[in-house]
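Numbering (mature numbering (1 follows the signal peptide of the UniProt record, and there is no 0)), first residue to last: -27 to -1, 1 to 294.
Report on the following structure.
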């Protein structure tokens, strides 16, 4: 082989190697699983655990790698989590914010890093961009609860609110109070989502207002406190018994469904955390592919009473911790 032939052969080999390497690199890039982080505001609620489960199942189905983080009901924790994820170069973030307004600066930093963000279960406030908001129609849920209370002929209702300023509390309360106008009186009291607060408030308000004939709680968790407060003041009549104070809430947790079966709770307004978590992950993957995603995706409420409490499609009948 002469020198000219050797140079030609070597050049062809090098070019072939470069093309092959580029082909392999391109294929590897195409095969790379999208890295999606899901930030829950807290894993302290069964609803949030179910969101987690729905998100993980959908990620596996779509071939995405998923990391789920617990925000511990603390905006500072969620802010640090977002900052860490930006450094790690995650592909997309799904966040259920502890506080819609306080999380804005952190989400804005994700925007600057060109990381798509999906808001889950609660909106992200003005000043930051999200691909979409995936959640429950909280205002409609509050409205459904009020319609049910009105259908029972109730006239004076204690409303146990979630955290003041929280998106869910504002929407559920707004929907409930709006529908209540002209139908029954509402006594709103902030309880911060906590059963122990609900217990004290229930005992105090019902004692001071013996004509209270219904209680609406912004979540099912607080009903534990409601029932304890009613027992504390001797109001233990169950559904259908004389002197019963109607009890209605939102979420559709397993315990709420059992209380409905036991006659301790009249109704709950069900939402679907499995589908909510799955839809959020689907939206994140779609955004990464450059697909168009609706700006808002709301799941409708379903009223659950003793008539349909055993429906196998209800998340509270499916959920396993």
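Each residue gets a CB set at the ideal place from its N, CA and C atoms; glycine is no exception.
- Within the region 114 to 178, the complete alpha helix (DSSP H) runs of at least 4 residues fall at 140 to 153.
- Of the candidates 95, 36, 42 and 6, 42 places its Cα closest to the Cα of residue 16.
- Contact between residue 67 and residue 28 holds: CB atoms are separated by about 7 Å, below the 8 Å threshold.
- Going by DSSP, residue 216 is part of no beta strand (DSSP E) at all; its letter is neither H nor E.
- Inter-segment contact for the region 181 to 198 and the region 126 to 140 is present: three or more beta-carbon pairs are separated by less than 8 Å.
- Just measuring C-alpha positions, the residue of 185, 98 and 206 sitting nearest residue 71 is 98.
- Its chain contains 9, 65, 67 and 91 as the residues whose beta carbon lies nearer than 6 Å to that of residue 257, once the 5 sequence neighbours on both sides are disregarded; these appear in chain order.
- In the structure shown, the three-state DSSP call for residue 180 is helix.
- Scanning its chain for C-beta atoms nearer than 8 Å, with the 5 sequence neighbours on each side dropped, one finds around residue 284 the residues 277 and 290, in chain order.
- With a cutoff of 8 Å on beta-carbon distance, residue 202 and residue 241 are scored as not near each other.
- Comparing C-alpha distances from residue 110 to each of 224, 263, 228 and 40 shows the shortest one belongs to 224.
- The three-state secondary structure of residue 205, taken from DSSP, is helix.
- Less than 8 Å divides the Cβ of residue 220 from the Cβ of residue 239.
- Apart from the 5 residues on each side of it in sequence, residue 215 has no Cβ closer than 7 Å to any other Cβ in its chain.
- Under the three-state reduction of DSSP output, residue 258 falls in the helix class.
- For residue 192, there is no enclosing beta strand (DSSP E), since its DSSP letter is neither H nor E.
- Check the Cα spacing between residue 252 and each of 169, 161 and 104: the tightest is with 104.
- Contact annotation: residue 55 and residue 83 have beta-carbon atoms nearer than 8 Å.
- With a 10 Å radius around the Cβ and a threshold of 16 neighbouring Cβ atoms, residue 127 comes out buried.
- Boundaries for residue 278: no beta strand (DSSP E) harbours it, and the DSSP string shows neither H nor E there.
- With a 10 Å radius around the Cβ and a threshold of 16 neighbouring Cβ atoms, residue 267 comes out exposed.
- DSSP, reduced to helix, strand and coil, places residue 108 within a strand of the structure shown.
- In the displayed model, residue 48 falls within a helix according to three-state DSSP.
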